[in-house]
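If you use the working numbering, the sequence shown corresponds to residues 535 to 872, in order. Where is the CB? At the ideal position from N, CA and C, for every residue including glycine. In what follows, a structure is listed as structure tokens, so that the remarks can point back to it.
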Amino acid sequence: MLYFDYKQRKGVEDMKLADKIIRLRKQFGWSQEDLAEKMNVSRQSVSKWEGAMSIPDLNKIIMLGEIFGVSTDYLLKDEIEEIEAGSDSGDSGFDKVSIKDAQNFVETSGAQSRKAAFATLAILFSVLPLLVLLAIAQLPTIQLSTQVITGVGITLMFALIGFGVVIIISTSHVARKLTAFKEGTFELEYGVESIYREKLEAYSSKYHKGLSISVLLFILSPIPLILAAIFEASTTVILLMVVLLIALIGIGVFILIPISSTQSSYHCLLGEGEFSPEGRIISKRSMQVSTMYWPLIVAIYLGWSFWTMDWHITWIVWPVAAVLFATIVGLVQLVKSD
Numbered sequence: 535m536l537y538f539d540y541k542q543r544k545g546v547e548d549m550k551l552a553d554k555i556i557r558l559r560k561q562f563g564w565s566q567e568d569l570a571e572k573m574n575v576s577r578q579s580v581s582k583w584e585g586a587m588s589i590p591d592l593n594k595i596i597m598l599g600e601i602f603g604v605s606t607d608y609l610l611k612d613e614i615e616e617i618e619a620g621s622d623s624g625d626s627g628f629d630k631v632s633i634k635d636a637q638n639f640v641e642t643s644g645a646q647s648r649k650a651a652f653a654t655l656a657i658l659f660s661v662l663p664l665l666v667l668l669a670i671a672q673l674p675t676i677q678l679s680t681q682v683i684t685g686v687g688i689t690l691m692f693a694l695i696g697f698g699v700v701i702i703i704s705t706s707h708v709a710r711k712l713t714a715f716k717e718g719t720f721e722l723e724y725g726v727e728s729i730y731r732e733k734l735e736a737y738s739s740k741y742h743k744g745l746s747i748s749v750l751l752f753i754l755s756p757i758p759l760i761l762a763a764i765f766e767a768s769t770t771v772i773l774l775m776v777v778l779l780i781a782l783i784g785i786g787v788f789i790l791i792p793i794s795s796t797q798s799s800y801h802c803l804l805g806e807g808e809f810s811p812e813g814r815i816i817s818k819r820s821m822q823v824s825t826m827y828w829p830l831i832v833a834i835y836l837g838w839s840f841w842t843m844d845w846h847i848t849w850i851v852w853p854v855a856a857v858l859f860a861t862i863v864g865l866v867q868l869v870k871s872d
């Protein structure tokens with residue numbers, strides 16, 4: 535089964551969720567009180583559903599499907615099949631996304647982002663064994679040669695990089711499906727937008743909390759290294775502070791990737807933020823710039839840092855790079871708009 539099995543429906547007539555609840559309830563010979571009792575809600579709630587004054591939440595829709603013996607897709611899609619086939623009326627020209635399609639998309643995006651977070655963490659932490667071993671080698675009680683320690687550290691580094699790359703490659707087919715869905719043009723079936731707008735609002739506090747923690751870790755990460763350099767700490771301490779810097783950044787990235795992916799999934803379904811028409815253009819141009827920009831910044835930072843060992847100074851690359859990146863993206867948008 536494909537992750538996003540959505541398609542255009544033709545030969546159908548409009549029927550809203552409210553109409554379907556009325557129709558199914560009458561087919562079973564139930565009153566509004568009977569249905570309310572089975573749903574564990576008040577009769578007024580059922581009356582509002584049937585009057586299209588409110589929409590049941592996702593759990594209630596699933597319960598309605600179980601009680602009536604129909605699928606949630608049937609309840610939520612705007613149309614039912616006509617008795618006479620062959621009519622093309624009502625075809626919007628866009629792919630229809632049902633509640634099931636939306637759920638699959640969000641769940642798949644979440645699973646993919648968690649794997650991407652692990653892969654990123656493995657690659658980012660790949661240099662840590664080498665740095666820790668080099669720090670240990672500076673201790674006078676350690677008799678191992680620098681060549682042996684370096685060899686072991688580099689071996690572990692490539693092992694972690696390989697682990698991260700394997701994860702990325704093994705999930706690339708899912709990433710392509712997600713990209714195709716995000717770049718496609720679709721229309722949400724009846725009720726889906728309101729459900730996911732509520733989900734987005736409920737998720738907002740969790741997203742901002744995670745974002746705040748990540749940003750705080752990024753800001754705090756260079757402080758131990760700066761203090762060690764100011765107080766002229768030993769090489770061992772300096773190297774360990776570099777390890778701490780990378781560890782804090784890695785934890786921040788590990789938190790940031792999944793929450794950003796979930797937020798992005800909701801925006802994609804609702805066509806907001808980076809997935810609005812204007813946002814799509816900006817995101818595409820920013821991605822083109824970032825694929826060349828950030829690898830270059832990483833190379834400059836590592837090269838400068840290891841060449842001079844002035845870690846207490848070279849950290850300044852990151853805030854400068856961030857401001858410069860925003861400036862470059864803004865200039866690109868300005869040039870393109872002209």
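| Check | Outcome |
| --- | --- |
| Spatial distance of aspartate 844 from tyrosine 741 (CA atoms) | 36 Å |
| Beta strand (DSSP E) segment containing valine 661, residue limits | From DSSP, valine 661 is part of no beta strand (DSSP E); its letter is neither H nor E. |
| Reference leucine 592; option with closest CA among Ser576, Lys634 and Gln566 | Lys634 |
| Contact check, serine 588 vs lysine 582, beta carbons under 7 Å | yes |
| Which residues DSSP lists as bridging valine 631, in chain order | Leu722 |
| Closest by C-alpha distance to serine 746, when choosing among Leu779, Thr689, Leu790 and Leu558 | Leu790 |
| C-beta contact flag for leucine 803 and alanine 636 at 7 Å | yes |
| Isoleucine 831 Cβ short of 6 Å to the ligand NAD heavy atom set | The model on display carries no ligand, and the ligand NAD is accordingly not part of it. |
| Backbone secondary structure at aspartate 607 - three-state DSSP | helix |
| Own chain residues within Cβ distance below 8 Å of alanine 552, not counting five before or after | Trp583, Glu584, Gly585 and Ala586 |
| Opening and closing residue of the alpha helix (DSSP H) in which phenylalanine 715 lies | 706-717 |
| For leucine 558, the three-state DSSP class (helix, strand or coil) | helix |
| Limits of the unbroken alpha helix (DSSP H) element including glutamate 584 | 577-584 |
| Touch test, the segment 773-788 against the segment 699-710, Cβ-Cβ under 8 Å, three pairs minimum | no |
| Alanine 651 in three-state terms, based on DSSP | helix |
| Length of the line joining the Cα atoms of proline 756 and glycine 744 | 20 Å |
| Beta-carbon gap between glutamate 723 and serine 632 smaller than 7 Å | yes |
| Alpha carbon of isoleucine 847 to alpha carbon of alanine 653, nearest angstrom | 29 Å |
| Burial state of threonine 796, where buried means 16 or more other Cβ atoms lie within 10 Å | buried |
| Simplified DSSP state of threonine 680, which is helix, strand or coil | helix |
| Contacts around serine 623, its chain only, beta-carbon distance under 6 Å, and the 5 residues preceding and following it disregarded | Because the pLDDT of serine 623 is 38, which lies under 50, any placement of that residue in the model is unreliable, and the number read from its coordinates should be weighed accordingly. Nothing meets the Cβ criterion. |
| Alanine 860 versus lysine 572 - alpha carbon distance | 56 Å |
| Inter-residue spacing [alpha-carbon to alpha-carbon] between glutamate 567 and arginine 577 | 5 Å |
| For leucine 774, three-class secondary structure by DSSP | helix |
| Leucine 712 versus phenylalanine 639: straight-line alpha-carbon distance, rounded | 7 Å |
| Given tyrosine 800 as reference, the closest of Leu830, Glu766, Pro758 and Glu727 once Cα atoms are compared | Glu727 |
| Whether methionine 775 touches leucine 759 by CB criterion (7 Å) | yes |
| Which listed residue (Gly696, Leu662 and Gly698) has its alpha carbon closest to that of isoleucine 783 | Leu662 |
| Extent of the continuous alpha helix (DSSP H) run through glutamine 566 | 566-573 |
| Beta-carbon contacts of tyrosine 835 that lie in its chain and below 7 Å, excluding the five residues immediately before and after | Thr848 and Val851 |
| Inter-residue Cα distance where the pair is valine 580 and serine 605 | 19 Å |
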